[in-house]
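Colleague: Numbering (my numbering), first residue to last: 128 to 499.
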Ligand code: CA
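(1) Assuming residue 486 is part of the beta strand (DSSP E), what are its boundary residues?
(2) Which value, in whole angstroms, describes the spacing of the CA atoms of residue 443 and residue 306?
(3) What residues in its chain sit with their C-beta under 7 Å from that of residue 391, if we drop five residues either side in the sequence?
(4) How would you write the range of the alpha helix (DSSP H) that residue 413 sits in, first residue to last?
(5) Secondary structure at residue 436, three-state DSSP: helix, strand or coil?
(6) With DSSP run on the structure shown, which of helix, strand or coil describes residue 192?
(7) Count the CB pairs spanning the region 208–216 and the region 249–257 that are closer than 8 Å, and state whether there are at least three.
(8) Would residue 232 and residue 393 qualify as a contact pair, given that the criterion is a beta-carbon distance under 8 Å?
(9) Going by the C-beta, is residue 355 closer than 7 Å to any heavy atom of ligand 1?
(10) Within the continuous alpha helix (DSSP H) that includes residue 327, where are the two ends?
(11) Consider the C-beta atom of residue 455 and the heavy atoms of ligand 2; say whether any pair is separated by less than 7 Å.
(12) To the nearest angstrom, how far is it from the Cα of residue 316 to the Cα of residue 407?
(13) Along the chain, where does the alpha helix (DSSP H) containing residue 451 start, and where does it finish?
(14) Based on the DSSP secondary-structure assignment, which residues constitute the bridge partners of residue 287?
(15) Between which two residues does the alpha helix (DSSP H) containing residue 299 stretch?
(16) For residue 502, which three-state DSSP category applies?
(17) Identify whether residue 199 lies in helix, strand or coil by the three-state DSSP scheme.
(18) For residue 371, does the count of other Cβ atoms within 10 angstroms reach 16, so buried, or fall short, so exposed?
(19) According to DSSP, which residues form a beta bridge with residue 382?
(20) With respect to 7 Å, is the separation between the Cβ of residue 296 and the closest non-hydrogen atom of ligand 1 below this value?
(21) Apart from the five residues just before and just after residue 453, which ones in its own chain have a Cβ nearer than 8 Å to its Cβ?
(22) Can you tell me whether residue 461 is buried or exposed? The criterion is at least 16 other CB atoms within 10 Å of its CB, across all chains shown.
(23) For residue 150, count neighbouring Cβ atoms within 10 angstroms of its own Cβ and tell me buried if that reaches 16, exposed if not.
(24) Do residue 172 and residue 195 count as a contact pair if the criterion is CB distance below 8 Å?
(25) In or out: residue 227 buried (at least 16 other Cβ within 10 Å) or exposed?
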């Protein structure tokens with residue numbers, strides 16, 4: 128409610144400011160391209176945001192909407208952002224190319240979708256047994272991660288920003304019990320990125336599908352299992368109707384960062400204050416999405432268990448141990464792919480080693496003490 132009020136205030140301000148600016152301006156002749164109007168003021172621009180999510184999908188799609196509204200509101204209407212759901216303007220997995228070539232100025236997705244563009248991109252999304260949301264943000268903002276991410280996207284004419292985090296995900300929905308690592312053999316599962324590589328090492332078959340195709344694929348038996356996000360999002364897709372067992376924890380995505388990529392030409396053409404608006408709007412959205420997930424997951428888990436009688440299970444420790452060993456192999460091999468991937472890997476691993484020690488005597492110790 129508070130957020131809605133805040134946005135309404137921002138939106139109201141945007142309309143007034145937009146009207147004032149617009150009244151003295153000629154219609155813009157170069158959509159998306161920021162320009163001074165010759166009198167020192169800035170012509171409003173219309174930006175498109177393409178996304179890898181179904182339009183208005185809880186958490187992810189609404190997170191993209193929230194960011195778009197923030198940019199529009201905080202810029203006083205000088206940047207007006209319109210959001211497109213997956214396939215409305217371009218298919219989910221063409222978001223990267225669309226923003227790179229300037230079809231849209233903004234893209235909302237997650238970096239592990241783009242490993243075909245750059246192996247290093249995967250570190251900026253989710254690494255199996257990697258960093259939690261809190262740790263990812265620490266690495267990105269204060270541990271050198273963001274500089275490396277910018278370097279990774281620079282050749283594609285893109286400026287990356289962290290724009291949300293799901294927190295720890297669930298291991299997923301399975302139509303068979305997982306009691307030993309052998310039970311993953313032959314399993315056809317939707318699981319993207321590095322988690323998918325690890326599943327392949329364990330003898331399974333990883334499949335990459337956009338979110339909108341999960342339910343029917345699982346229900347029809349085209350796949351045996353799928354991970355998606357966590358209770359809030361998984362409830363929204365009705366996945367409990369298509370699979371029997373709901374396993375945790377999401378070893379493959381311990382704190383997945385969502386991204387907002389900006390077309391670099393469009394970003395560079397903005398005056399400094401608007402660059403700061405875009406950058407800091409993303410930073411607000413990054414924190415807000417995590418807060419929303421934590422709050423909504425609690426409620427959604429209760430609904431899944433109490434109303435839909437979902438069988439929630441922990442993956443056996445020995446399965447997790449084997450997955451951790453395989454993950455170390457898979458993640459280590461990315462470092463061998465190219466020099467940039469090696470540098471990103473080394474930065475990530477050094478940060479991870481340190482933060483594991485600190486969190487062992489802070490967050491982990493407290494959570495263990497609290498649960499008794
Ligand atoms: Ca996931």
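Built from N, CA and C at the ideal position, the CB exists for glycine as well.
Only a predicted model underlies this, so the values are computations on that prediction, with no experimental measurement involved.
Modeller: Reading from the atomic positions:
(1) Counting along the chain, residue 486 falls outside any beta strand (DSSP E), though it belongs to the alpha helix (DSSP H) covering 466–487.
(2) 6 Å
(3) 284, 285 and 286
(4) 399–433
(5) coil
(6) helix
(7) no
(8) yes
(9) yes
(10) 320–328
(11) Only ligand 1 can be found as ligands here, which leaves ligand 2 out of the picture.
(12) 37 Å
(13) 444–461
(14) 388
(15) Careful: residue 299 lies outside any alpha helix (DSSP H), inside the beta strand (DSSP E) at 299–301.
(16) Not covered by the structure: residue 502. The range shown for the chain is 128 to 499.
(17) helix
(18) exposed
(19) Bridge partners of residue 382: none, in fact.
(20) yes
(21) 325, 328 and 329
(22) buried
(23) Note that residue 150 scores a pLDDT of 35, beneath 50, so its modelled location is shaky and nothing firm can be said.
(24) no
(25) buried
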